[in-house]
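Structure record follows, encoded as structure tokens.
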Amino acid sequence: MTEDVIIIGGAVMGASAAYWLTRMAPGLRVLVVEQDPSYAQAATALSVASVRQQFSDPTNVKISRFGIDFIRNFSENIGPSGDVPSLGLQENGYLFLTTDPAQRQVMEELAAMQRACGAATEVWSADQVKARFPWIETSDLAAGSFGPRDEGWFDNMGLLAGFRNAARAQGARFETGRAIGLAVNGDRITGVEIEGRGLVPCGSVVNAAGTRGAAVLRWVGLDLPVEPRKRTVFVINAPNARHPDAPLLIDRGFYLRPERGQWITATVPHEDHACDASDFEPDLHLFEDVIWEQLYARCPGFDAVKVVRHWVGHYDYNTLDQNAILGPHPALPNLFLMNGFSGHGLQQSPAVGRGIAEHILSGGWQSIDLSELSFDRVAQGKPMVERAIV
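Structure, rendered in structure tokens:
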């Protein structure tokens, strides 16, 4: 039996695409092929699960504007079949800090653009940062950029469960299996080879395979600049730092946010490079060698800290520009890409899933013009510059 759409990858991107496709086109045959339905190593499950409006490109801001409303009002948006009453959005905001006086003007310009898109970003002096968050050391700061609403963190697995439940209720099928190849006739994908099942004919394919997205394209001799990058996240106790209203703080060499009486923190390794998709060995030295000294300098209340837990997640890292690669591949127009999110996938999944569904069903972008994120820029070697990469 021919499937209308086969989605390779069943975490939040695949589930979102399945949800929107079956919502917009009841009766559409949508099959999601999941390699590991436990999601134990999926970026969705291992995400810090945050959402922000503070991006430097208007397209990313528009994606986030839709995403925050969808997340905040999840049960109403997804409907009763989603069976998730709330995603528990904690709107403490993001606070970007800079010690470079030249960056203040950049922050002002970006904040103006973000506000024009509907965000509420404010740019603060060091004194204003100190007044709002007196536990932060501000003597070396030039400015801070803060989102007083529409930014924070939420239940990542609730988002995934809601999309999956609603998609299933609307007729999508989720199958445990491993896609191992694509059948091609001319410039069209005609089927997906599934291990143990054989070739399943289809009308379109969505590559939502996360860190394995490049491998999917290699099956048909194409390249994708996406690779796994390892991120070790630390959960710490800090008995002298009790600040439940703390934002997600982004400083020069680390980020930090509160989490149920504890704190979550991480950094980008100085030597950041591709890792094996199955490598989840933690880089435990990063806390002592990189994070703690900077954290204590910025927040003196973190004089006594203890790492109580850690985990490792992977970014599906776009080596061109750390932004998503979306839409049909020009060489195979019925092969749709949802790849390269570089750590932003969870928060972008509501708008991107909708966009991909609209493109499959109508032949183009509809609600948000996502053409800036198409594969064309990859083919041309022209990165979409996003200065607010975390």
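Counting in our numbering, the sequence shown runs from 185 upward without gaps. Yeah, the Cβ is synthetic: ideal placement off N, Cα and C, and Gly gets one too.
Q: Measure the Cβ-Cβ separation of alanine 508 and valine 491 and say whether it is below 8 angstroms.
A: no
Q) For phenylalanine 347, which three-state DSSP category applies? A) helix
Q: Output the residue ranges of the beta strand (DSSP E) runs that lie fully inside the stretch 285-336 and measure 3 residues or longer, sorted by chain position.
A: 306-308 and 327-330
Q. Among Glu570, Arg207 and Val562, which has the Cα closest to the Cα of histidine 528?
A. Glu570
Q) How about the stretch 488-504 and the stretch 401-420: do they share at least three Cβ pairs that are nearer than 8 angstroms? A) yes
**Q.** Three-state secondary structure assigned by DSSP to valine 400
**A.** helix
Q: Just tell me which of Gly405, Leu440, Ala392 and Arg348 has its CA closest to the CA of valine 232.
A: Leu440
Q) Does the Cβ-Cβ distance between valine 368 and isoleucine 192 come in under 8 angstroms? A) no
Q. Assuming threonine 228 contacts leucine 530 under a Cβ cut-off of 8 angstroms, what Cβ separation, rounded to an integer in Å, is found between them?
A. 6 angstroms
(Q) Rounded to whole angstroms, what is the Cα-Cα separation between isoleucine 364 and phenylalanine 418? (A) 35 angstroms
Q: Any chance you could list the alpha helix (DSSP H) runs of at least 4 consecutive residues sitting entirely within the stretch 467-511, in chain order?
A: 476-482
Q: Closer than 6 angstroms by C-beta to serine 200: which residues in its own chain qualify, once you throw out the five before and the five after it? Chain order, please.
A: Phe347, Ser533 and Gly537
Q.
Quick check: the Cα distance between isoleucine 247 and aspartate 487, rounded to an integer number of angstroms?
A. 38 angstroms
Q. Among the residues of its own chain, which have a CB less than 6 angstroms from the CB of glutamate 542, if the five just before and after it don't count?
A. Gln550
Q. When the Cβ atoms of the stretch 234-253 are set against those of the stretch 291-308, are three or more pairs found closer than 8 angstroms?
A. yes
Q | Nearest to glycine 387 (by Cα), restricted to the options Leu516, Trp319, Arg236 and Ala399 | A | Leu516
Q) Pick from Gly565, Ala393 and Asp505: whose alpha carbon is nearest that of glutamine 225? A) Ala393
(Q) Which runs of the beta strand (DSSP E) at least 3 residues long sit entirely within the stretch 403-478? Give them in chain order. (A) 410-421, 432-434, 439-443 and 446-450
Q: Please go through the same chain and pick out, in chain order, the residues whose beta-carbon is closer than 8 angstroms to the beta-carbon of aspartate 284, but skip the five residues on each side of it.
A: Ala326
Q. Where does aspartate 188 fall in DSSP's three states?
A. strand
Q: With DSSP collapsed to three states, give me the class of threonine 228.
A: coil
Q: Using DSSP bridges, identify the partner residues of valine 368.
A: Ile373
Q) Applying the criterion that 16 or more other CB atoms from any shown protein chain within 10 Å of the CB defines a buried residue, is leucine 279 buried or exposed? A) buried
Q) Taking C-beta to C-beta, are glutamine 478 and arginine 436 nearer than 8 angstroms? A) yes
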